[in-house]
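Single-structure report; data block below.
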Amino acid sequence: MHATTIVMVRKDGQVVIGGDGQVSLGQTIVKGNARKVRRLAKGGVIGGFAGATADAFTLFERLEGKLEQYPGQLTRACVELTKDWRTDRYLRRLEAMMLVADREVSLLLSGSGDVLEPEATPNGAVMAIGSGGNFALAAARALIDTDMAAEAIARRSLAIAAEICVYTNGNVVIETLDAA
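According to the working numbering, the stretch in the sequence shown is residues 196 to 375, in order.
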């Protein structure tokens with residue numbers, strides 16, 4: 196997926212999702228300050244998206260509905276959303292991926308039916324999506340074992356991705372929750 200980098204870092208009682216602000220249309224940058232990371236469920240869930248913007252907004256709205264239907268159950272809400280995403284004719288065409296987290300769990304959601312938790316290490320967990328996701332993921336994995344805080348790791352990982360990926364910029368939005 197082109198057009199962004201989203202990274203999630205869970206470490207030392209905090210979970211952070213950060214993303215850049217670049218929106219590209221082909222080889223052209225159309226916007227540099229888009230907000231692809233936001234709070235859901237009255238602030239109890241944070242999420243970020245990569246892919247088509249309208250598709251991602253549709254998925255965020257659907258996830259909000261599932262979170263209202265299953266309050267406090269992020270995993271169940273995500274599984275139910277992903278089921279709909281795979282089976283509904285309209286939703287099946289949506290091209291986006293999401294990282295979502297609450298105080299207890301972090302998940303990657305895709306239209307392929309994926310609801311994945313990150314692999315935990317003794318020092319935390321990281322995930323990333325988008326065109327610069329692999330660069331941010333590699334940086335976050337290298338930094339998770341340092342004494343850097345979760346937010347600092349997310350910011351540095353996004354900066355590294357922006358230096359490498361032409362679809363990622365340095366205009367970063369970060370959302371943080373204290374973990375359980």
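Where is the CB? At the ideal position from N, CA and C, for every residue including glycine. The model shown is predicted, which means the values in this text are computed figures rather than measured ones.
Using a 10 Å radius around the Cβ and a threshold of 16 neighbouring Cβ atoms, would you call residue i buried or exposed?
i, result
"A245", "buried"
"Q222", "exposed"
"D215", "buried"
"F255", "buried"
"L311", "exposed"
"T341", "exposed"
"T316", "exposed"
"E263", "exposed"
Helix, strand or coil: how does DSSP classify residue i here?
i, result
"D297", "coil"
"D373", "strand"
"M196", "No answer about M196 holds up, because its pLDDT of 45 lies below 50 and its placement is not dependable."
"A315", "coil"
"R233", "strand"
"A357", "helix"
"A348", "Reading the sequence as shown, one finds Ile at residue 348 and not Ala. Correct three-state label for I348: helix."
"Q264", "helix"
"G328", "helix"
"A291", "strand"
"V274", "helix"
"A247", "coil"
"T363", "coil"
Looking only at its own chain, which residues have a Cβ that is under 6 angstroms from the Cβ of residue i, when we skip the five neighbours before and after it?
i, result
"R281", "G308"
"V361", "none"
Quick check on residue i - is its C-beta less than 7 angstroms from some C-beta in chain B?
i, result
"G306", "Included in the structure is just one protein chain, with no chain B present."
Whole-angstrom Cβ separation of residue i and residue j, contact assumed at under 8 angstroms?
i, j, result
"A296", "M203", "6 angstroms"
"A331", "I369", "About 13 angstroms separates the two Cβ atoms, so there is no contact after all."
"S352", "L338", "7 angstroms"
"G243", "K231", "6 angstroms"
"V210", "A345", "7 angstroms"
"M322", "L304", "Rounded, the Cβ-Cβ distance is 11 angstroms, inconsistent with contact."
Below 7 angstroms CB to CB, which residues in the same chain sit around residue i once its five sequence neighbours on both sides are set aside?
i, result
"T363", "T199, T200, D215, Q217, S326, G327, A356 and A357"
In its own chain, which residues sit with a C-beta less than 8 angstroms from the C-beta of residue i, not counting the 5 before and 5 after it?
i, result
"I359", "G327 and F330"
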